[in-house]
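Residues 1 to 105 (the UniProt record's numbering) are what the sequence shown spells out, left to right.
Cβ coordinates follow ideal geometry from the N, Cα and C atoms, glycine included.
Structure, as structure tokens:
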Amino acid sequence: MALEITDATFDEVVLKSDKPVVVDFWAAWCGPCRMVGPIIDEVSAEYEGKAVVGKVDVDANQEFAAKYGVRNIPTVLVFKDGEIVSRQVGVSPKNVYTEAIDALL
């Protein structure tokens with residue numbers, strides 16, 4: 001399962017990570033988000049120990065969604081050394097996310 005990231009933990013978990021970080025910005029009411037969720041969970045399991053994979057519920061945690069201009073969900077951001085290196089808006093196949101991580105490993 002992907003890690004639940006909140007506004008309170010975002011800085012520590014995402015921005016200070018020494019590994020690539022994949023962050024899925026989602027909401028419970030979002031149909032397409034429910035399609036991406038299981039893919040993100042699979043990626044999390046496959047890259048355990050190599051990358052951090054997490055989810056931010058934008059209804060409960062709006063600070064970083066706003067900071068990074070997340071206007072549509074699902075939006076998946078990939079971070080390396082605290083900087084965004086990839087942004088994917090909408091539903092994408094699993095390989096889009098795994099290739100983004102592989103490019104950073």
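Secondary structure of Asp41, DSSP reduced to three states: helix
Beta-carbon contacts of Ala28 that lie in its chain and below 8 Å, excluding the five residues immediately before and after: Asp57, Asp59
Going by other Cβ atoms of all chains shown within 10 Å of its Cβ, with 16 needed for buried, is Lys16 buried or exposed? exposed
Closest residue to Phe25 among Asp7, Glu99, Pro74 (Cα-Cα distance): Pro74
Segment limits, beta strand (DSSP E) that includes Lys55: 52 to 57
Local conformation of Val23 per DSSP, three classes: strand
Take the Cβ of Leu105 as the centre, count every other Cβ of all protein chains shown within 10 Å, and call the residue buried at 16 or more, exposed below. exposed
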